[in-house]
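For the sequence shown, this note's numbering assigns the number 114 to the initial residue and increments by one for each residue that follows.
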Amino acid sequence: MRKLLVLLSALGLAGTLYAADSFTGTWKLDTAQSKYESGPAPKEVTLMVQEGKDTNDVTVKGTDGSGKPLTTHLTHPTHGGPITFLEGGPTDGSTESVKIVDANTRHLTTMQSGKEVATEQITLSADGKTIREVTKGTLPSGKPFTDVAIYEKQ
């Protein structure tokens, strides 16, 4: 479950990095500034975002908190909507959708069996160099969590 939450968090950020030139590029997780209540923090995560005309392409690579590799490839409409996983997506039947709030803010909702299980607010800093992702959800145990991930543009 922890791997899924880390993956969803990374994918959530990746999925929201569309529809704005300032979100394209390569981003690395700053593990020292990030905080995870949902379990062990990933050891590393790199997001590569390429903006397209109608869809954007995102590749997520890294290592989860237990040392296992994370690899995901997905696309998303440039103006928001459902994420399409091409490789490494969730296997629990969950779905994700992105709402473009404004040029520097994205909101992601993760649903499972028709029930909201997590939300993410992703904010790009004014200088375009840092992304702050706040993920709120509930663990399978019923305990709520808030994770904060900080990504730096490379």
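Where a beta carbon is used, it is the ideal one built from N, C-alpha and C, also for glycine.
Quick caveat: nothing in here was measured; it's all calculated off a predicted structure.
In chain order, which continuous runs of the beta strand (DSSP E) of length 3 or greater are located wholly inside the segment 182-238?
182-190, 197-200, 208-215, 218-225 and 228-237
From THR188, THR236, GLY180 and ILE213, residue whose alpha carbon lies closest to that of GLN163
THR188
How long is the line joining the alpha carbons of ALA145 and GLU229, rounded to whole angstroms?
29 Å
Do you know whose CA, among TRP140, GLY178 and LYS141, lies nearest PRO153's CA?
GLY178
What are the residues that DSSP puts in a beta bridge with PHE258?
GLY250
From which residue to which residue does the beta strand (DSSP E) around GLN163 run?
157-164
On the criterion of 16 or more Cβ atoms from any shown chain inside 10 Å, does ALA216 qualify as buried, or is it exposed?
exposed
Is it the case that the Cβ atoms of LYS174 and GLU265 are separated by a distance below 7 Å?
no
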